Each structure stands twice: as C-alpha cells, then as structure tokens.
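Worksheet for the structure shown next.
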C-alpha cells in the first residue's frame, strides 16, 4: 500500500463533490486510478483508509452484494460506489475489513456484516473529523421492508398526503354509490323487461367495472358481489398495517 500527500489527495477527492450532486462516475474512475493509496484518518486513532473499488475488497466480483448495499438497507434505494476499505479493523466485518461506500447524496457508509453504518455526513467530514464507528445511524439488512410500528403508522396516517388520499377515497365512493343507485333506478323504472334482466348479467357487471376503471382515481372498495377495485388509500392501510377501511 502506497501513501501520498494527504492534503493533495483529499482535495482531488473532494473535487468530485458538488453542492447538490456527487459525481459517482468520476469518483469510481479516481478510485480505480489511485488504487491502494493510503490516507490516515483522524479517528478511529490509527485507522487508515485504503483507496480501492469493490474489486479491492473481500467482496471482489460479488455484484449481488453491491446491489444489496444499494437496495436492502436504506429507506430508499441509493446509488453507491465503493471508495475504499479499512483493513484489520476490530469489528464483526468479514475478514475484519470495513468497506467504505459513498452514496449519491454525499454520505459515507461503512459495511459490517449485514449492517450499514453512516460513518460520516460527507467526504469532507470523513477527512476532517474522521470516521464515527459505530455509525451515527445504523441500518440493518432488510430493515427498510419491515412494517411500521403503531406509533409510526399513526404518524403516517395523520400526514397531509394520507388525509388527501382519504378525502379522495370517500368522494369517489360517494360518486360510485350515486352512479350505481341512479343506474339501478333507471333500470327499475324502465318498461323494458329485457333491460331489467341485464342487471344480474355478467356483461352488465363488466360494463360497470369498465366505466369505473376509466376514472382517474381507482378505488379498492369492496362491492356487494365481493369484487374489489384498486384504491391508494385502502392499499396504504392493507400494505402497511393489514387494516380494512370501513365505508
């Protein structure tokens, strides 16, 4: 492992970080060109960041692992690039190697055996203040897919977005009810016997469904015959808490 002027190296590294964006492609090229260069960290004391891409870590060739880092830890998918590793670090990481990744939002993460640690707010923070380990935040594998707690669920249901969805849901239910009621009334008052027989026919049911699905808002309300139609508000209940919205 070779060394270089820390200040010169840091400035080059930071040149890929803009105010509102991170040039991950530029970072990847820079890391590849400067592989195995070493830069001491302020903390943890005695730690050295060895610059390398994924091919310089214990996860060399494991493309699924890189996708897992992007998809299975943070609340939302984030593009990342491996920027280096800290070798022989006392932790539970495979091979005692912490892999450092730079996210597209500029944050720096370290991977330790199914845990993703937020170790620095950005590269400048990493170089000036060092690495915080365990991280400022820690994300477990698959945590982003877990169901919310009761408190989180209640907070979500009180949000303006969900309240708007609920309002649209109720308005659509009412319009659907009025439409069906008027249709049934027209048929009942019609002197055409054949038309009255159509009420329970499959063609009639399909026609009603088609008219509903052409609306801009699709509702997952339970109809009398047991059929269901999509509704974002009801879907939110079911997906996040297994509840059924009452009419």
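In the UniProt record's numbering, the protein residues as written are 1 to 247.
Glycine residues also receive a C-beta, built at the ideal position from the N, C-alpha and C atoms.
Every value quoted in this text rests on a predicted model; they were computed, and no experiment measured them.
Taking a C-beta distance under 8 Å as the contact criterion, residue 93 and residue 113 qualify as a contact pair. Residue 73 is positioned such that its CB atom lies closer than 8 Å to that of residue 139.
Residue ranges of uninterrupted beta strand (DSSP E) with 3 or more members, entirely inside the region 97-134 and ordered along the chain, are 98-103, 108-111, 115-120.
Here residue 120 is buried: its Cβ has 16 or more other Cβ atoms, across all protein chains shown, within 10 Å. A contact between stretches requires three or more CB pairs, one per stretch, nearer than 8 Å, and the region 77-84 fails this requirement with the region 150-166. For residue 81, there is no enclosing alpha helix (DSSP H); the enclosing beta strand (DSSP E) covers residues 80-86.
Residue nearest to residue 103 within the set 70, 170, 18 is 70 (criterion: CA-CA distance).
Nearest Cα to residue 98 within the set 37, 137, 115: 115. DSSP links residue 22 through a beta bridge to 17. Taking C-alpha positions only, residue 168 is separated from residue 182 by approximately 21 Å.
For the 8 Å CB-CB criterion, residue 118 and residue 135 form a contact. Beta-bridge analysis with DSSP links residue 183 to no other residue. Around residue 16, the same chain offers 23, 26, 27 as residues with beta carbons nearer than 6 Å, after the five sequence neighbours per side are excluded.
When the beta-carbon positions are compared, residue 84 and residue 50 come within less than 8 Å of each other.
For residue 43, there is no enclosing beta strand (DSSP E), since its DSSP letter is neither H nor E. Leaving aside the five residues that flank residue 137 on each side, the residues in its chain whose CB is nearer than 6 Å to its CB run, in chain order, 118.
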